[in-house]
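With my numbering, letter number 366 in the sequence shown gets 363, and the count goes up by one each step, no holes.
C-beta: ideal position from N, C-alpha, C; glycine also.
Because the structure is a prediction, the values reported are computed rather than measured.
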Amino acid sequence: MSIRWELFLYLALFIVFVLAVVWLFQVKLLDKFYESIKRRELTRAADTIEEHIGDSSLHTIAYQNAVEYGVCVMVLRIEGMNAVELVTVDVSGNSVLSNITEKYVTELYNKAKEQGGEYIEKRTKGELADAGFYYSPFFFLPQRDRYADSDANIESTILIRLVKSPGGEKYAIMLNVEMTPMSAVVSMMLLQYLWIAIALIVGALFLALIISKNISRPIERMNSAAKSLATGNYDVNFSGAGFRETRELADTLNYAARELSKNDRLQKKLIANVSHDLRTPLAMIIGYGELIRDIPGENTPDNIQAIIDEADRLSQLVSDLLDLSRLQAGAGQPRITRFNLTETVRDTMQRYEKLARAGGYRINFWSDREVYVTADRNMILQVLYNLINNAINYTGEDRLVRVVQSVGDHVVRISVTDTGEGIPREHLPYIWDRYYKVDKIHRRAAVGTGIGLSIVKNVLELHGARYGVDSAPGQGSTFWFELPLPLPDEQDNSDPSEN
Ligand code: ADP
């Protein structure tokens, strides 16, 4: 269901609920409320008259009360078996009391006595006339015409209270009020309700339309932007104006779009880099191959070695790419062992010896003790290779690379320092990203995919190791990482033969 209809449904349900409550009180319970108010008025009038019973002011008080509460008042003094009528005030002119029969007075008197001094009765005037309690004007009409008079249906409430004056005389206070039939009012109200209900439902429909439009407009806008994003348009802008939730969603989508576009750019760059880097060694291999095939005497070990070297570079490139994708897919869980880190670094340096000699590099390693660590040895080797390769590639004219092992508080730090151009500050945060390369022509070795450092980062993060780079333009760079050292006693007990 769309937001619009759902909203409308809820609003409509709410309106029905409100109308039902109002109807219950205004229509259903109207009679009850009216009657209870009228009864309260009768009792109140009776209280005031009772206070003045036996007074000379009784007449005036009875009159005032009759007018104030719209009731009819009659006060009788009871003398033995007789009742003497003291006061009768009939404001309506057609009250039951002013036409009451003795029979009814006796009955009311007896009932009040039974009930402990007060009795209230509600009957229609027609019933009272039929019972012979009331001299109705229509009582004298033929039976069939009697109830044609709507008067017959009017409900009359009579209260009788028996009291004694301070002088000990007995009195009966009788009060009577007529209940105006509510049916006319009720049917008028029902009609009103019908119109109010229609107006409210129409209002709810409009309200639902407006609210849902406000809510769904940004969602629809974002939807079409997302569709356009799906087709590769990364310049879309999501805006969720209006509500906090849609604004947050828009921010997230904008972030996703930015990341997608960054990734896309980097992927394209990688493909460009990789194909460029593949082309050079492939061209060399083809060139040397053709040379050997076509020109007699060119089948020299040097030329064949050139082909092998180029093929080596190709295989290095491919294995770098594979390593990275494996690491990023989370496939490469580290195989943690205990090994001699110092020895591992020293071994690695030896591998570079030939290169160093041929290219005139000086690669120094400095350490003051043998250190054991627990880590994945192959992965740490890869980190070392990548850092040292970079240092060789980027070091300055003196061709110097320094590797230092320093032991601190429960950690060992390996740092690889070169004397090259350094890395501009603005590039520092990004060099660890995959495919990122600082644009620069000054490179010694051609192989470079921008993934070496991202492998380093992935491996070290997998080990929970700290790592970083200190570099400033013209001052060379120092790449470093730290591995935790076992506690001293473990270190002492270590058995080098384990490795
Ligand atoms: P690459 O294969 O291009 O060297 P890396 O991920 O190893 O890729 O390095 C990313 C970028 O960081 C390099 O392109 C280079 O610009 C910069 N960089 C890495 N190491 C050094 C260094 N020792 N000196 C200067 N710049 C470096």
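Three-way DSSP call (helix, strand, coil) for residue i in this model
| i | result |
| --- | --- |
| residue 467 | strand |
| residue 5 | helix |
| residue 482 | coil |
| residue 10 | helix |
| residue 28 | helix |
| residue 302 | helix |
| residue 124 | helix |
| residue 501 | The chain is shown from -2 up to 496; residue 501 falls before or after that span and cannot be answered. |
| residue 221 | helix |
| residue 372 | strand |
| residue 500 | In this structure the chain extends from -2 to 496, so residue 500 is not present and cannot be described. |
| residue 309 | helix |
| residue 431 | coil |
| residue 497 | Here the chain covers residues -2 to 496 and nothing more, so residue 497 does not appear. |
| residue 392 | coil |
| residue 243 | helix |
| residue 412 | strand |
| residue 38 | helix |
| residue 367 | coil |
When the options are compared against residue i, the one with the closest alpha-carbon
| i | options | result |
| --- | --- | --- |
| residue 475 | 75, 303 and 381 | 381 |
| residue 49 | 166, 422 and 304 | 166 |
| residue 394 | 402, 407, 416 and 373 | 416 |
| residue 499 | 221, 465, 210 and 368 | In the structure as shown, the chain starts at -2 and stops at 496, and residue 499 therefore has no counterpart that could be examined. |
| residue 343 | 305, 181, 366 and 333 | 366 |
| residue 153 | 221, 54, 91 and 219 | 91 |
| residue 467 | 388, 347, 26 and 51 | 388 |
| residue 36 | 157, 111 and 99 | 157 |
| residue 191 | 20, 455 and 82 | 20 |
| residue 62 | 1, 39 and 31 | 39 |
| residue 218 | 160, 233 and 282 | 233 |
| residue 203 | 455, 456, 435 and 5 | 5 |
| residue 373 | 458, 267 and 59 | 458 |
| residue 469 | 424, 430 and 429 | 424 |
| residue 456 | 428, 161, 392 and 377 | 377 |
| residue 471 | 431, 407 and 392 | 392 |
| residue 126 | 407, 104, 98 and 112 | 98 |
| residue 53 | 273, 83, 335 and 308 | 83 |
| residue 397 | 408, 359 and 370 | 359 |
| residue 300 | 403, 75, 356 and 288 | 288 |
| residue 536 | 129, 235, 473 and 297 | The displayed coordinates of the chain run from -2 to 496. Any statement about residue 536 would go beyond what the structure contains. |
| residue 247 | 240, 241, 235 and 258 | 235 |
| residue 26 | 341, 263, 316 and 183 | 183 |
| residue 243 | 266, 214 and 271 | 214 |
| residue 187 | 22, -2 and 56 | 22 |
| residue 44 | 323, 107, 285 and 70 | 70 |
| residue 284 | 271, 269, 304 and 265 | 304 |
| residue 275 | 324, 316, 170 and 34 | 316 |
| residue 259 | 477, 81 and 433 | 433 |
Whole-angstrom C-beta distance between residue j and residue i, which should lie under 8 angstroms
| i | j | result |
| --- | --- | --- |
| residue 67 | residue 93 | Not quite, the Cβ-Cβ distance comes to about 14 angstroms (not below 8 angstroms), so this is no contact. |
| residue 385 | residue 345 | 7 angstroms |
| residue 452 | residue 383 | 6 angstroms |
| residue 116 | residue 109 | 4 angstroms |
| residue 460 | residue 331 | 6 angstroms |
| residue 168 | residue 73 | 7 angstroms |
| residue 409 | residue 480 | 6 angstroms |
| residue 482 | residue 404 | 7 angstroms |
| residue 364 | residue 402 | 4 angstroms |
Inter-stretch contact (C-beta, 8 angstroms, three-pair minimum) for the stretch 196 to 206 and the stretch 173 to 184: no
Take every Cβ of the stretch 4 to 14, pair it with every Cβ of the stretch 112 to 128, and state whether three or more of those distances are shorter than 8 angstroms. no
Below 8 angstroms, how does it come out for the stretch 402 to 422 and the stretch 292 to 299: are there three or more Cβ pairs, yes or no? no
Report yes or no: do the stretch 250 to 263 and the stretch 223 to 238 share at least 3 C-beta pairs separated by less than 8 angstroms? yes
List in chain order: all unbroken alpha helix (DSSP H) runs of 4+ residues lying wholly within the stretch 312 to 362. 338 to 348 and 350 to 356
Which residue spans inside the stretch 40 to 103 form an unbroken beta strand (DSSP E) run of at least 3? 69 to 76 and 79 to 86
Run through the stretch 151 to 195 for me and flag every whole beta strand (DSSP E) of 3 or more residues, listed as ranges in chain order. 152 to 161 and 167 to 176
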